[in-house]
Every structure is written in structure tokens, then in C-alpha cells.
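Numbering (the working numbering), first residue to last: 1013 to 1525.
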């Protein structure tokens, strides 16, 4: 793996030097950093664990997260005075990369702005952003290129800097239904983008259907959802409780712990609820990939459309087609069924349900699929369909293609051996021989293009790959071309980067021959 240029450290950090994590994104991103913080705490019990984040989020979340010291970005001058064991930048904000570049550490992971470099130009202030860590580089390659990704953000946060054995051995707690209001169902109305949430008429119809089933729906949201909450409550014409904009973040955290179920789009409070063991039903719609941002802990449920463009990075359709597949009456029926499953598990004395009930698998959800969160053989996040095979040749080709790419990267990045990747390819080829043959042909074209680019580099005619290199190949190959493009660019087109690119193409060719 080619690594970005790093000046040698002047001296190793002391045994009690802090570990610093930069997470300056939204609420949900901060909660998805909690697993990393827990793993780092277990791996480095003597080291202080520091986090730079948005104060409006971390102040309300500190009581539920792993023990850490939080700083706002305004404390950067103080942070620059220390030397660190690790600096892990999980933010894509430029100021986070700049701060990471100014900090001394034994090792850096994630984006880091450093002086000079091939992209820095010639001015006095010239600098280049490099991404440190092969999993962080893989994650960067997913921008507008995540169609076949099946690695969750929370796992990707940690795979460079936490031993895989630690991830694999972690037993995350399942949702709990005991001690909660037996009829209270939360409906979190908002999301970071309008395309990622249902419209007001959907929420109003869902609230009415839940009331007819004897449940107590509660409308939830922050100040940004106050107008939406009022609109939904008016449309519902029911006594559904509208609490949008009524809670501070700590109060919202406490309130979600009283819910039997939270029905929610992909949003920060969904991750808060899942982290605090509130059962969640994630209505995954719009430009989100549930493999990346579904509730991380096992035992939660995800409902999403079955159309081919589901899981996109950015919606390019005239309307949000996947959102149109959601029917409030069927979602109400599903929510009611999930509560019955909780009751059945409690009656059987189970603290955590095992395999999902066949009753859930038999629900009619036209145009949608129901999945539950779990763990795969590597101990990483898994998203398991309830009404279809999860693996083997009988699984859907789309799922098998994602599983194959997951197995390929796990092999090349040393999480398991080649045999597991070969099994994943055999399943895909058996399920869809035509798809397998199409990939082989596309791979031949990639090999020729890469060899041509390498010859141009050797002759001095081409120093980097063309800007459209990764996009010039079929989507089925872009998990590889996206990473190759980032890897060569990230290493300033050094010989080792070209060698790794060729090795990856050759490995894929041998695997699929």
C-alpha cells in the first residue's frame, strides 16, 4: 500500500500521550464515532482520549458516549501544543485536515494537509491534502462511487487503527423493549436533506394508522422540524402528541429511551436511539446507503426500496423514486408487527431476539425489502434480508456483487484469506454467469488502460491518471477504479503506487479467471 509522504517524527510520544479524534461533522457522524472511541479505550486504557467536535452536538451526547474529553475547534491552539500517539481525522472539512497537518503524532489516519506535495503548486503557502491509512483511502474513494460498498462507516472509522480481532470479538448490545411505555412509538420527522425523509402527508397517515391500532404515536424533531411537526399534526387531525422543537438534545436522548420503537429516516437521532438500545425502524430513502449509515448495533430493522438505484450518493432522478415506494399503511402494519415480535421475545425470556421471525418475513411489502442489522463472519456490520436468502447462489445478484467486493477488499487488506474471496466470486458466478463474464471483459479493458497510463508515466508524458479514469469504466468495476485512482493520486504517482495498482488488477483477474 503506498502511503502519503510523512515527515519522520522527532521522537516517539510517551506512553500516556493522548489519542486525538477529529469528528467535526453532524450528530449522526459523531454517534457513529462512538464505536471507535470504545475500541480505542479498550486498546489504550492508559492514554487520554480526546475528541474535537461540534459543541452543539457533543455537549448533549457526552453522557451516553465512551469516556472521552471533548474540545471545540476553537481549542486548536491548545491542541497544537501536545504530541499525540494517534491523530485520527474522520472529518472532510478543510480546517480538520489543516489541523491534522499541524499536529505531531506517532501516526496519522485520515486526511492531512501538509506543506508541498505534487498538488501544492509553487507558492509559499503551497500544500497538499493526503489521506493516511488504506481503509481511510478506500472510504475516500466512495465519494459518488458507493454503489457496491458494504462496509459501514463505523467499521471504516476503525479498521486502520484498531486490531481486527478487537472488532471481531465485540459483542454489541441488542435493543431493549423492557421498561418502556408499551404503546409509545416515536416518529422522527426530519433529516439532513428533504429527499431523505417522507413528506408531511405520509407522516400524518402513518400517525392515524398507528392510532387506529391502539398505539400512541409521538411526533419528534428538533427546531428545524417545528413547522413540519405542526403541519403533520394538523393533517393528522388526531391527538398525536407533537413534540417537535420542544426538547434540548439531552432531553431528546432521555425521551427516546421511553419509546418501544422509533420510526425514523436516516438521521442523527436514529443513531442516538440505536446507541441507547431503543428499537428502531429505519425508513431508508433518498441519497443514503443503508450499508454505510444504518443503525450500527445488531437487532434493528431497515426498510428500503428494491429499485436498482437504491443506495445512491446523489439522486439524479426527476423525483425521489425510492421514497415513492413507501406506503404509510404498510409501514404502520410493520411497526405493529415489530412490537408483537418484541412481546413474543419477552414472553420467551429472551433479552435479545435471535433469528428474525418468519412472521416478519411473510409480511407483504410490495416494492420494498425489510432487513435487519447484524454481524458477518468477520464481525463487521451486516444487513440481512428477511424475505430472501442472505448468501449463496440463491441471493440476489445485487447483494452478491456487493458481498464479492467486500470479500475482495477484506482479502487484499488482510482481514481474511483468498479462499473467502474465491467463495464469494463462485457464488456470484453461479447466480449470474452473464454478469461474471461481463466483469471479466471489463477487467481486460481496465488492464489495458492502466498499462497505457503506466507507459505514459514512464516516458514522462503523463504524471497522473486522467481525471475521468475511474468513471470511464463500467460501474461494476468502479469499486476498484475509484480506489486505484485515489491511491495513485494520493502517493504522487510514486512507483509503489503504480505497482500496487497493477497488483490489484492482477489479483482480481486471477480471482475471476
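C-beta atoms are modelled at their ideal positions from N, C-alpha and C, and glycine is treated no differently.
Every value quoted in this text rests on a predicted model; they were computed, and no experiment measured them.
query, result
"So residue 1491 is in the alpha helix (DSSP H); what residue range does that whole segment cover?", "1490 to 1502"
"Ends of the beta strand (DSSP E) at residue 1198?", "1196 to 1200"
"Using 10 angstroms around the beta-carbon of residue 1499, count the other beta-carbons present and answer buried if the total reaches 16, otherwise exposed.", "buried"
"Look up residue 1381 in the DSSP assignment and give the residues it is bridged to.", "1316"
"Which runs of the beta strand (DSSP E) fall wholly inside the segment 1051 to 1096 and span at least 3 residues, in chain order?", "1061 to 1064 and 1081 to 1083"
"Would the segment 1208 to 1216 count as touching the segment 1334 to 1350 if we require 3 or more Cβ pairs under 8 Å?", "yes"
"Taking all protein chains shown into account, decide if residue 1141 is buried (16 or more other Cβ within 10 angstroms of its Cβ) or exposed.", "buried"
"From 1099, 1086, 1415 and 1518, pick the residue whose C-alpha is nearest to that of residue 1394; which is it?", "1415"
"Hey, residue 1229 and residue 1240: beta-carbon distance below 9 Å or not?", "no"
"On the DSSP bridge list, what partners appear for residue 1144?", "1122"
"What is the DSSP secondary structure of residue 1292, reduced to helix, strand or coil?", "strand"
"Return helix, strand or coil for residue 1251, following the three-state DSSP convention.", "coil"
"Taking only the alpha-carbon atoms, compute the straight-line gap between residue 1134 and residue 1086 and give it to the nearest angstrom.", "For residue 1134, the predicted structure reports a pLDDT of 46, less than 50, and the residue's modelled location is therefore unreliable. The matter cannot be settled from this model."
"Between residue 1462 and the rest of its own chain, which residues show a CB-CB distance below 8 Å, the 5 nearest in sequence each way excluded?", "1496, 1513, 1514 and 1517"
"Got a sec, what are the start and stop residues for the alpha helix (DSSP H) residue 1394 sits in?", "Counting along the chain, residue 1394 falls outside any alpha helix (DSSP H), though it belongs to the beta strand (DSSP E) covering 1393 to 1397."
"Does the segment 1164 to 1175 touch the segment 1232 to 1250, meaning 3 or more C-beta pairs lie closer than 8 Å?", "no"
"Comparing alpha-carbon positions, which option in 1099, 1436 and 1351 lies nearest residue 1290?", "1351"
"Start and end of the beta strand (DSSP E) containing residue 1229?", "1228 to 1232"
"Excluding sequence positions up to five away, which residues of its chain have a Cβ less than 7 Å from the Cβ of residue 1408?", "1400"
"Taking 6 Å as the limit between beta carbons, can you name the residues of its chain near residue 1017, skipping five residues before and five after?", "Confidence in residue 1017 is poor, its pLDDT being 38 and thus under 50, which makes the residue's placement too unreliable to answer from."
"In whole angstroms, what is the alpha-carbon distance linking residue 1280 and residue 1423?", "32 Å"
"Helix, strand or coil for residue 1113 per DSSP?", "helix"
"Helix, strand or coil for residue 1386, going by three-state DSSP, please let me know.", "strand"
"Please look up how many angstroms separate the CB atoms of residue 1226 and residue 1195, rounded, as I've assumed it's under 8 Å.", "7 Å"
"Indicate the three-state DSSP secondary structure (helix, strand or coil) for residue 1345 in the structure shown.", "helix"
"Which class does residue 1260 belong to by DSSP, given the choice of helix, strand or coil?", "coil"
"Go ahead and label residue 1272 buried or exposed: buried means 16 or more other beta carbons lie within 10 angstroms of its beta carbon, across all protein chains shown.", "buried"
"Can you give me the Cβ contacts of residue 1094 inside the same chain, cut-off strictly under 7 Å, excluding the 5 residues immediately before and after it?", "1030"
"Alpha carbon to alpha carbon, how far is residue 1251 from residue 1204? Give it in angstroms, no decimals.", "27 Å"
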